[in-house]
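Below is one structure, written out as structure tokens; comments come after it.
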Amino acid sequence: MSMQQVPSHRRVVVGVDTHKYVHVAVAIDDIGTILDSRSFAADAGGYGQLIDWAASFGGKLTFGIEGTGSYGAGLAGAVRRRGIGALEVVRTDRRDRRLRGKSDTIDAENAAKAVLAGLATAVPKTADGIVEMIRQVKVAKDIAVKARTSAMISLKQVIVNAPDELRQELQALTKMTLINRCAALRPGRVTTVAAATKHTLRSIARRWQQLNAEITSHEKILTELTSSMAPELAKAFAVGPDTAAEMLIVAGDNPERIRSEAAFARLCGVAPIPASSGMTTRHRLNRGGHRQANAALYRVVIVRMQHHEPTKAYVARRTAEGKTKSEIIRCLKRHLARELWAAMRPIREARIESQIAA
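For reference, each letter of the sequence shown is one residue, going 1 to 358 in full-length UniProt numbering.
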């Protein structure tokens with residue numbers, strides 16, 4: 001397919017289907033005509049070639065990139081550094097794939113057409129500041145927490161199948177006493193089942209201790225980063241470093257990309273969705289959005305329902321109005337999202353001021 005030049009006042013949209021090693025791009029003009037399609041290596045050199053190829057068409061250039069949080073992150077960053085607009089494109093729905101088939105070129109074309117039709121409007125996260133640092137540490141902590149939980153489950157399972165005398169000695173102990181006792185076991189030479197069991201218990205217990213120390217170090221870093229970036233957010237009642245980290249991760253290093261508090265609530269999965277039909281008017285739970293952020297909001301709400309006087313008063317009032325506990329929790333999560341969005345206002349204002357100054 002020969003390349004075509006587009007007048008400077010016309011629009012050119014480049015859709016990119018991203019993969020681990022290769023990115024496939026399709027360029028279309030503002031009436032949907034395909035100008036060209038190419039494949040590029042998914043590395044720094046390939047990003048530069050792709051952007052130069054896209055710029056060669058002329059016109060007002062915009063990129064629509066799939067997977068800006070994974071395989072497309074590098075390309076999105078390269079496009080942003082060149083001062084070109086980029087939008088995040090969600091994967092094509094299954095119905096369209098059944099009708100048109102599936103190929104990398106078709107996916108790239110669909111990405112471009114989604115931008116042209118106004119279906120893709122999300123600005124990708126920049127992932128180049130403190131929030132990205134927080135996200136990376138949070139990943140390390142979450143992995144360690146899962147491993148620590150797995151170690152405890154394995155420890156208790158080994159005790160269930162341990163020789164009677166050893167099982168009776170350990171089964172009634174509390175968690176930390178059990179960990180310390182098992183970590184201090186001296187199995188000696190592994191010549192009996194009891195010695196092998198002690199060896200296993202000591203190994204698992206010491207692993208738990210190592211993971212616990214690692215988690216503590218991650219929590220310390222998260223506390224420092226979240227407190228320095230968003231002190232008002234970190235001070236909110238029942239909002240610990242984990243919850244603050246999740247809220248900042250949702251907002252990203254460029255929170256100004258989120259146009260309103262309602263958009264932030266939608267990202268957190270707490271914006272109600274109309275579910276009315278006929279004479280019935282109702283709303284249902286939004287099952288989209290960032291699930292970890294939604295879970296973090298839930299944990300804060302549960303703590304506040306038990307220990308926060310204004311929240312307890314709200315629950316009593318809404319219960320008297322006939323609301324169920326689930327409905328009240330959904331309302332509280334929505335209110336909490338509004339509160340935390342307001343607490344992050346200084347970050348957004350600082351970003352906007354820096355952009356104006358630049």
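Cβ coordinates follow ideal geometry from the N, Cα and C atoms, glycine included.
Specify, as a first and last residue, the run of the alpha helix (DSSP H) that residue i falls within.
| i | result |
| --- | --- |
| residue 307 | 291-307 |
| residue 14 | Not the alpha helix (DSSP H): residue 14 falls in the beta strand (DSSP E), residues 11-17. |
| residue 57 | Careful: residue 57 lies outside any alpha helix (DSSP H) and carries neither H nor E. |
| residue 237 | Taken as a continuous stretch (DSSP letters only), residue 237 belongs to no alpha helix (DSSP H), as it is neither H nor E. |
| residue 223 | 193-229 |
| residue 138 | 130-160 |
Inspect the beta-carbon positions of residue i and residue j and report whether they are closer than 7 Å.
| i | j | result |
| --- | --- | --- |
| residue 371 | residue 155 | With the chain represented from 1 up to 358, any question about residue 371 goes unanswered, as that position is not in the structure. |
| residue 104 | residue 17 | yes |
| residue 185 | residue 158 | no |
| residue 76 | residue 26 | no |
| residue 43 | residue 126 | no |
| residue 230 | residue 347 | yes |
| residue 335 | residue 237 | no |
| residue 311 | residue 304 | yes |
| residue 257 | residue 137 | no |
| residue 208 | residue 167 | no |
Looking only at its own chain, which residues have a Cβ that is under 7 Å from the Cβ of residue i, when we skip the five neighbours before and after it?
| i | result |
| --- | --- |
| residue 114 | 64, 89 and 120 |
| residue 282 | 275 and 276 |
| residue 55 | 61 |
| residue 47 | 74, 75 and 78 |
Apart from the five residues just before and just after residue i, which ones in its own chain have a Cβ nearer than 6 Å to its Cβ?
| i | result |
| --- | --- |
| residue 2 | Here residue 2 scores only 46 on pLDDT, less than 50, and its place in the model is too uncertain to base an answer on. |
| residue 187 | 195, 198 and 199 |
| residue 67 | 18 |
| residue 294 | 268 and 269 |
Taking the alpha-carbon of residue i as reference, which of the options has the nearest alpha-carbon?
| i | options | result |
| --- | --- | --- |
| residue 233 | 343, 140, 196 and 84 | 343 |
| residue 140 | 152, 221 and 171 | 221 |
| residue 9 | 153, 15, 57 and 19 | 57 |
| residue 339 | 356, 297 and 242 | 297 |
| residue 212 | 67, 179, 295 and 117 | 179 |
| residue 130 | 244, 293 and 259 | 244 |
| residue 38 | 49, 32 and 24 | 24 |
| residue 337 | 266, 189 and 350 | 266 |
| residue 50 | 22, 30, 59 and 32 | 22 |
| residue 366 | 71, 223, 134 and 14 | Limits of the chain in this structure are 1 at one end and 358 at the other, which puts residue 366 out of reach. |
Within a Cβ cutoff of 8 Å, which residues of the same chain sit near residue i, ignoring the five residues on either side of it in sequence?
| i | result |
| --- | --- |
| residue 163 | 193, 194 and 197 |
Terminal residues of the continuous beta strand (DSSP E) containing residue i?
| i | result |
| --- | --- |
| residue 370 | Because the chain in this structure spans residues 1 to 358, residue 370 falls outside the shown range and cannot be described. |
So who's on the other strand from residue i, going by DSSP bridges?
| i | result |
| --- | --- |
| residue 23 | 40 |
| residue 89 | 66 |
| residue 280 | 277 |
| residue 28 | 13 and 34 |
| residue 122 | 88 |
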